[in-house]
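Number of protein chains: 2
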Amino acid sequence: MTGAQRIAVEGVKTDFVVDPVVRPYQVRVLPPALSQSSGDAERVMAALDQQHHIHCARIDTDVLRLLSPRVRAWHWEFQAVVRDDEMIAIQHRGSRQLGLSIDLGTTKIAGYLLDLVSGQSLAVGALMNPQINYGEDIISRISSSSQSAAQASQLQASALEAINELAAGLCAKIKNSADNILEATIVGNTAMHHILLRLPLDQLAKAPYVPAVTSSLDVKARDIGLAVSPGAYVHMLPNIAGFVGGDHVAMLLSTRADEAEGPLIAMDIGTNTEVSLVKDGKITAVSCASGPAFEGGHIRDGMRAAPGAIERVWIENNAVRYETIGDLSPIGICGSGILDAMAQLYTAGIVNHRGRMDGNHPRVRQHGNQREFVLVGETEREGKPPIVITQQDIRELQLAKGAMRTGIQVLLRANALSYADIDEVIIAGAFGTYIDVASAIAIGMLPPLSLDRFRQVGNAAGMGAKMTLISGGKRRQAQAIAARVGYVELATDAEFSKTFAQSMYLGPEIF
Amino acid sequence: MTGAQRIAVEGVKTDFVVDPVVRPYQVRVLPPALSQSSGDAERVMAALDQQHHIHCARIDTDVLRLLSPRVRAWHWEFQAVVRDDEMIAIQHRGSRQLGLSIDLGTTKIAGYLLDLVSGQSLAVGALMNPQINYGEDIISRISSSSQSAAQASQLQASALEAINELAAGLCAKIKNSADNILEATIVGNTAMHHILLRLPLDQLAKAPYVPAVTSSLDVKARDIGLAVSPGAYVHMLPNIAGFVGGDHVAMLLSTRADEAEGPLIAMDIGTNTEVSLVKDGKITAVSCASGPAFEGGHIRDGMRAAPGAIERVWIENNAVRYETIGDLSPIGICGSGILDAMAQLYTAGIVNHRGRMDGNHPRVRQHGNQREFVLVGETEREGKPPIVITQQDIRELQLAKGAMRTGIQVLLRANALSYADIDEVIIAGAFGTYIDVASAIAIGMLPPLSLDRFRQVGNAAGMGAKMTLISGGKRRQAQAIAARVGYVELATDAEFSKTFAQSMYLGPEIF
Numbered sequence: 195m196t197g198a199q200r201i202a203v204e205g206v207k208t209d210f211v212v213d214p215v216v217r218p219y220q221v222r223v224l225p226p227a228l229s230q231s232s233g234d235a236e237r238v239m240a241a242l243d244q245q246h247h248i249h250c251a252r253i254d255t256d257v258l259r260l261l262s263p264r265v266r267a268w269h270w271e272f273q274a275v276v277r278d279d280e281m282i283a284i285q286h287r288g289s290r291q292l293g294l295s296i297d298l299g300t301t302k303i304a305g306y307l308l309d310l311v312s313g314q315s316l317a318v319g320a321l322m323n324p325q326i327n328y329g330e331d332i333i334s335r336i337s338s339s340s341q342s343a344a345q346a347s348q349l350q351a352s353a354l355e356a357i358n359e360l361a362a363g364l365c366a367k368i369k370n371s372a373d374n375i376l377e378a379t380i381v382g383n384t385a386m387h388h389i390l391l392r393l394p395l396d397q398l399a400k401a402p403y404v405p406a407v408t409s410s411l412d413v414k415a416r417d418i419g420l421a422v423s424p425g426a427y428v429h430m431l432p433n434i435a436g437f438v439g440g441d442h443v444a445m446l447l448s449t450r451a452d453e454a455e456g457p458l459i460a461m462d463i464g465t466n467t468e469v470s471l472v473k474d475g476k477i478t479a480v481s482c483a484s485g486p487a488f489e490g491g492h493i494r495d496g497m498r499a500a501p502g503a504i505e506r507v508w509i510e511n512n513a514v515r516y517e518t519i520g521d522l523s524p525i526g527i528c529g530s531g532i533l534d535a536m537a538q539l540y541t542a543g544i545v546n547h548r549g550r551m552d553g554n555h556p557r558v559r560q561h562g563n564q565r566e567f568v569l570v571g572e573t574e575r576e577g578k579p580p581i582v583i584t585q586q587d588i589r590e591l592q593l594a595k596g597a598m599r600t601g602i603q604v605l606l607r608a609n610a611l612s613y614a615d616i617d618e619v620i621i622a623g624a625f626g627t628y629i630d631v632a633s634a635i636a637i638g639m640l641p642p643l644s645l646d647r648f649r650q651v652g653n654a655a656g657m658g659a660k661m662t663l664i665s666g667g668k669r670r671q672a673q674a675i676a677a678r679v680g681y682v683e684l685a686t687d688a689e690f691s692k693t694f695a696q697s698m699y700l701g702p703e704i705f
Numbered sequence: 195m196t197g198a199q200r201i202a203v204e205g206v207k208t209d210f211v212v213d214p215v216v217r218p219y220q221v222r223v224l225p226p227a228l229s230q231s232s233g234d235a236e237r238v239m240a241a242l243d244q245q246h247h248i249h250c251a252r253i254d255t256d257v258l259r260l261l262s263p264r265v266r267a268w269h270w271e272f273q274a275v276v277r278d279d280e281m282i283a284i285q286h287r288g289s290r291q292l293g294l295s296i297d298l299g300t301t302k303i304a305g306y307l308l309d310l311v312s313g314q315s316l317a318v319g320a321l322m323n324p325q326i327n328y329g330e331d332i333i334s335r336i337s338s339s340s341q342s343a344a345q346a347s348q349l350q351a352s353a354l355e356a357i358n359e360l361a362a363g364l365c366a367k368i369k370n371s372a373d374n375i376l377e378a379t380i381v382g383n384t385a386m387h388h389i390l391l392r393l394p395l396d397q398l399a400k401a402p403y404v405p406a407v408t409s410s411l412d413v414k415a416r417d418i419g420l421a422v423s424p425g426a427y428v429h430m431l432p433n434i435a436g437f438v439g440g441d442h443v444a445m446l447l448s449t450r451a452d453e454a455e456g457p458l459i460a461m462d463i464g465t466n467t468e469v470s471l472v473k474d475g476k477i478t479a480v481s482c483a484s485g486p487a488f489e490g491g492h493i494r495d496g497m498r499a500a501p502g503a504i505e506r507v508w509i510e511n512n513a514v515r516y517e518t519i520g521d522l523s524p525i526g527i528c529g530s531g532i533l534d535a536m537a538q539l540y541t542a543g544i545v546n547h548r549g550r551m552d553g554n555h556p557r558v559r560q561h562g563n564q565r566e567f568v569l570v571g572e573t574e575r576e577g578k579p580p581i582v583i584t585q586q587d588i589r590e591l592q593l594a595k596g597a598m599r600t601g602i603q604v605l606l607r608a609n610a611l612s613y614a615d616i617d618e619v620i621i622a623g624a625f626g627t628y629i630d631v632a633s634a635i636a637i638g639m640l641p642p643l644s645l646d647r648f649r650q651v652g653n654a655a656g657m658g659a660k661m662t663l664i665s666g667g668k669r670r671q672a673q674a675i676a677a678r679v680g681y682v683e684l685a686t687d688a689e690f691s692k693t694f695a696q697s698m699y700l701g702p703e704i705f
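Chain order of the listed sequences is Z and B.
Each number in the numbering used here corresponds to the 1-based position in the first sequence with 194 added.
Each number in the numbering used here corresponds to the 1-based position in the second sequence with 194 added.
Here is the structure:
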């Protein structure tokens with residue numbers, strides 16, 4: 195993924211009522227006289243009450259520190275911003291009320307800037323999560339964080355700095371300042387959530403994998419180091435369980451999966467893949483450690499979806515056709531291309547249902563101690579090393595797709611359903627948006643349903659973060675979702691090992 | 195003042211109901227199982243609800259950071275401490291709930307350690323306010339603070355460090371830890387209040403002398419840097435006006451002056467002296483810049499009330515008798531001694547009603563360009579320099595006592611009363627406790643009422659801080675007092691200059 199365009203939210207209806215949690219009020223206060231003894235804050239509160247019938251019980255301490263000089267500089271006319279019964283900001287007249295939503299992914303951080311009052315989207319952007327230097331997946335991050343308090347602190351700071359950079363960049367795009375960001379929402383998996391809030395991780399890393407907290411939290415932005423308006427709050431969406439976080443809640447919310455009768459499956463594919471199954475309005479969820487293979491990680495010529503990445507592959511009569519992002523010369527292969535290649539290799543019989551590569555195929559060669567399939571040869575690459583799919587790559591992909599399919603199967607069994615009963619499969623996440631569903635079915639990553647039952651919705655977690663940014667009602671709905679989802683721990687499923695082994699086979703009819 | 199004993203609160207009845215704002219609950223939680231997905235915080239909240247019918251809506255973020263490791267280390271049995279609907283601490287079973295009250299004076303910081311549940315006093319102590327290095331009185335502190343942000347920050351830090359040192363020392367006295375201080379109250383004048391909270395001071399220093407805020411505030415202790423339990427709050431008592439702060443509110447509260455019908459005068463004598471007059475249940479207040487003279491400041495041989503200070507003086511037939519603190523050889527003269535000396539000099543006719551010293555008296559001599567009265571001669575001091583009262587000292591004391599008396603007279607006039615109408619005069623503050631009221635009347639500092647109308651109550655501000663520490667009801671009462679006191683700005687009194695000039699005369703019948 196590069197830049198904002200590719201993470202734009204698609205396929206999600208947003209017809210809900212904007213119900214802002216912070217509101218600005220134009221206030222005019224009379225300058226103080228010697229005959230009065232009340233404080234500046236009290237006179238501002240009284241004006242809010244008289245001019246807008248708004249009763250504030252509290253004022254943020256940092257706002258209090260700014261109030262007296264500001265109201266004088268602004269000649270006693272300004273905007274007071276109120277959240278519940280607390281005054282959280284004081285702004286110059288005409289200033290905008292900005293809101294920030296962050297989807298804090300293990301691999302990527304997506305940011306959205308909105309107008310808090312109108313709900314309008316103003317700017318969007320993304321950065322790689324710099325925590326990747328401390329480990330590619332959740333488990334390695336947690337273990338990195340548990341090495342020392344200093345390391346834990348660096349891990350938090352690195353994500354935070356990226357969020358601050360992203361926020362400043364989004365504000366710069368609309369020639370505004372992060373000082374006008376008055377509220378933020380952040381969604382992420384439970385580990386990202388805990389690292390950002392500096393919550394303990396030990397109990398999350400060990401069975402029974404317990405979050406420090408699952409409920410939604412409103413924390414002062416300054417308490418986690420977010421460089422926005424001094425009195426602003428961050429609303430952290432609720433977690434469901436140790437490995438099903440607020441990003442999954444946000445996805446269920448924005449796709450309206452929680453309102454469906456079902457049977458429906460909603461999954462968010464990433465380094466960790468969370469799957470929910472809705473049946474008769476009841477939701478059960480699992481978490482699968484799918485790893486970074488479909489994001490190009492642990493794949494010899496794998497790369498992220500950037501210009502020059504092969505994103506589509508066809509194999510016909512021993513010939514390979516492909517498309518690259520930006521129509522450039524190929525430099526590697528990204529997730530959707532890897533999935534296509536695997537499906538084509540299986541369909542063409544070059545890889546069998548156990549994942550073993552046929553050594554007799556003209557494009558398969560031995561390299562070192564393993565076989566590899568040549569996708570783009572040295573000649574075509576003008577002497578540069580070829581782009582290949584190795585036997586080891588196939589194994590990595592089998593583990594990844596097997597993990598996802600295991601999650602689906604365990605949920606089906608827990609709900610006494612067969613895949614054929616499923617009416618709709620919602621696929622969220624950047625990778626999920628760009629995959630060819632037919633390819634995913636061909637290798638058995640997804641169950642073999644007719645293609646019209648699948649809905650690819652893009653970054654639905656980010657969309658949920660945006661919805662909760664501008665709606666108090668949606669926050670309550672998110673909390674209700676988190677509270678009602680039943681979590682199924684894969685390790686407690688009696689047939690887990692058997693299901694996982696079977697899920698690694700290739701082919702559409704593995705179950 | 196040295197040590198705790200001398201600031202012990204005397205003469206104040208404390209028969210009110212202890213009504214704690216924080217309460218501990220013994221909680222036992224079942225260890226988590228794989229079949230559950232809820233967080234540690236949610237399980238603790240549920241246990242509180244089930245075992246004590248206490249519903250917590252929030253948990254402090256810092257407490258959340260400690261919760262998971264602590265509950266495991268304590269084998270799921272512990273104390274949860276709740277304030278309103280927020281869990282603010284988690285303690286080992288049997289830990290005590292400590293509370294800290296601070297009277298943040300311009301010159302001295304008094305601290306009290308209490309048991310929050312029983313209300314019992316556990317330890318008491320005092321330190322000099324190290325801010326004195328930045329100026330002796332409020333005005334010089336404000337101007338020092340406004341020189342630079344760094345200076346303002348140092349000023350705040352110096353008071354804070356003293357409070358932290360005091361708190362740690364009080365806890366050490368009872369072999370406990372400041373980590374168990376779960377709530378604090380702080381009273382002080384408005385400038386001290388603003389400096390501690392890092393609120394702006396510019397508008398306080400210039401007419402019309404406006405506080406940034408007057409209402410009581412609950413701020414997280416960590417937000418001002420107080421080293422107590424991580425989730426603890428500090429309750430800052432409300433201010434009345436720019437120069438009448440929470441210490442005066444606390445005094446009115448603890449002396450029950452606010453409940454009196456009057457006519458009654460309640461005054462807190464210090465570097466700044468605040469005076470309230472109660473008439474028919476209505477309270478009006480003024481503030482007088484009395485300066486440090488009665489604390490030994492700006493007086494040639496003045497000193498604080500420490501061992502060796504002359505605290506009582508009699509002049510009979512040209513002979514001087516005196517008493518010192520600790521019956522030691524005299525090394526200087528403290529506030530109550532200075533007051534006595536002045537009264538005796540006036541009564542003996544050595545100083546006239548304009549404050550001029552009689553050059554013909556045997557103990558009066560010319561030294562440099564001014565006269566001085568020899569209290570303790572060189573011979574008696576075995577060759578050391580004599581202890582004297584200079585003409586300049588008399589002038590300083592006239593300004594100080596004149597300021598106080600002006601406050602009283604302005605309030606009487608504003609309420610259409612004469613001093614003879616006053617039923618009771620409450621005198622609070624360390625200096626006020628030790629003065630000889632007859633001496634104060636003799637020089638015209640206090641009006642010439644019969645001595646039984648005066649009540650010397652010691653550190654009533656500190657007592658108010660203690661009462662509000664252990665009673666939510668007393669906090670509401672304090673807020674109500676602050677809201678109903680009518681502030682009279684001396685500068686707006688038409689006859690202020692005339693009254694002040696007259697107040698500087700010596701003698702009991704100056705009005």
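C-beta: ideal position from N, C-alpha, C; glycine also.
The structure displayed is predicted, hence computed values, not measured ones.
Express the C-alpha separation of residue j and residue i in angstroms, rounding to a whole number.
i	j	result
L321 (chain Z)	V311 (chain B)	51 Å
N327 (chain Z)	I303 (chain Z)	14 Å
E703 (chain Z)	A378 (chain Z)	45 Å
E330 (chain B)	M497 (chain B)	14 Å
S523 (chain Z)	M639 (chain Z)	29 Å
S644 (chain Z)	A659 (chain Z)	31 Å
F705 (chain Z)	A487 (chain Z)	23 Å
V318 (chain B)	K414 (chain Z)	35 Å
I'd like to know whether the C-beta of residue i is nearer than 8 Å to at least one C-beta of chain B.
i	result
A406 (chain Z)	yes
G233 (chain Z)	yes
D243 (chain Z)	no
Q564 (chain Z)	no
L446 (chain Z)	no
R222 (chain Z)	no
Restricting to Cα atoms, I'd like to know which of the options is closest to residue i.
i	options	result
R217 (chain Z)	Z:I664, Z:M497 and Z:M598	Z:I664
E510 (chain B)	B:D534, B:G491, B:R494 and B:P501	B:D534
D191 (chain Z)	Z:P457, Z:A483, Z:D462 and Z:T467	Any property of residue 191 (chain Z) remains undetermined from this structure, which presents chain Z solely from 195 to 705.
A251 (chain B)	B:A677, B:A240 and B:L260	B:A240
T693 (chain B)	B:S612, B:N546, B:L390 and B:T600	B:T600
C482 (chain Z)	Z:E453, Z:V238 and Z:E683	Z:E683
Use the C-beta contact count for residue i: other C-beta atoms within 10 angstroms, 16 or more gives buried, fewer gives exposed.
i	result
A401 (chain B)	exposed
T300 (chain Z)	buried
R557 (chain Z)	buried
When the cut-off is 8 Å and only beta carbons count, does residue i lie next to chain Z?
i	result
S229 (chain B)	yes
* To do: Could I get the ranges of all uninterrupted beta strand (DSSP E) runs contained in the segment 361-418 of chain B, with 3 residues as the minimum, in chain order?
  => 375-382 and 411-414
* **Within the segment 464-517 of chain Z, ranges of the alpha helix (DSSP H) (whole runs, at least 4 residues)** => none
* Asked: Considering only residues of the segment 568-592 of chain Z, which uninterrupted beta strand (DSSP E) runs meet the minimum length of 3 residues and lie entirely inside it, listed in chain order?
  -> 581-584
* In chain order, which beta strand (DSSP E) runs of at least 3 residues are fully inside the segment 596-652 of chain Z? -> 618-622 and 648-652
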